[in-house]
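Presented below is the structure to which this report refers.
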Amino acid sequence: CATVITNLLYFIPGLVSWICGGYIVSDPTLKRFFVLHFIFPFVAICIVFIHIFFLHLQGSSNPLGYDTALKIPFYPNLLCLDIKGFNNVLVLFLSQSLFGILPLSHPDNAIPVDRYATPLHIVPEWYFLPFYAMLKTIPNKTAGLLVMIASLQILFLLAEQRNLTTLIQFKFAFGAREYSLPIIWFICSFYALLWIGW
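The sequence shown lines up with residues 7 to 204 when you count with our numbering.
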């Protein structure tokens, strides 16, 4: 896994040797990736909690900029509901990771490990298959990485399309039925790339 990730960064000179501690994956690389994978979940959880705290404290923004003093704050109640939902997800996660509910995991996880034989067909998890297909079909590493980044930028464009003012302009320009067309294209291309990656 470390080799795949570091190979994506070869288009920036010197970055791979700085991240890996050398030109190949070695002991310093594994230690750095272990520390990164240990610290990153805690940082992500802190950012999520800070985001939820300020979202409920201030309220979400309105694209039209309309603000009123006639609103009722539900800040403590909504925070308690978010903590309850987080605890439910945490129980499901811990039951999967501690008790090993195998029907929910990948079938290859039930195969005993043989360190002398590599599996014939190695594919990433299903949610990474479209990106795997993009990298596999484009021979140039830099072009494949740029296409993968551009595909992630489409998600931001679809989110902007859901913005109220953009939606109003889009409906007047193309009609209400045409609004869902880019989302349908995105879903179809996602499943097509998922099938190609498999």
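Where is the CB? At the ideal position from N, CA and C, for every residue including glycine.
Your pair residue 136 and residue 96 does not check out as a contact, with CB atoms roughly 29 Å apart and the cut at 8 Å. DSSP, read as helix, strand or coil, puts residue 28 in coil. Residue 127 sits in coil when the DSSP states are folded into three classes, being neither helix nor strand. Rounded to whole angstroms, residue 104 and residue 113 show a C-alpha spacing of 17 Å. In this structure, residue 34 sits near residue 26, with a CB-CB distance shorter than 9 Å. Distances from the CA of residue 11 to each of 126, 151 and 144 were compared; the closest alpha carbon is that of 151. Pairing residue 16 with residue 147 gives a Cβ-Cβ distance under 9 Å. Along the region 10–64, the beta strand (DSSP E) does not occur as any fully enclosed run of 3 or more residues.
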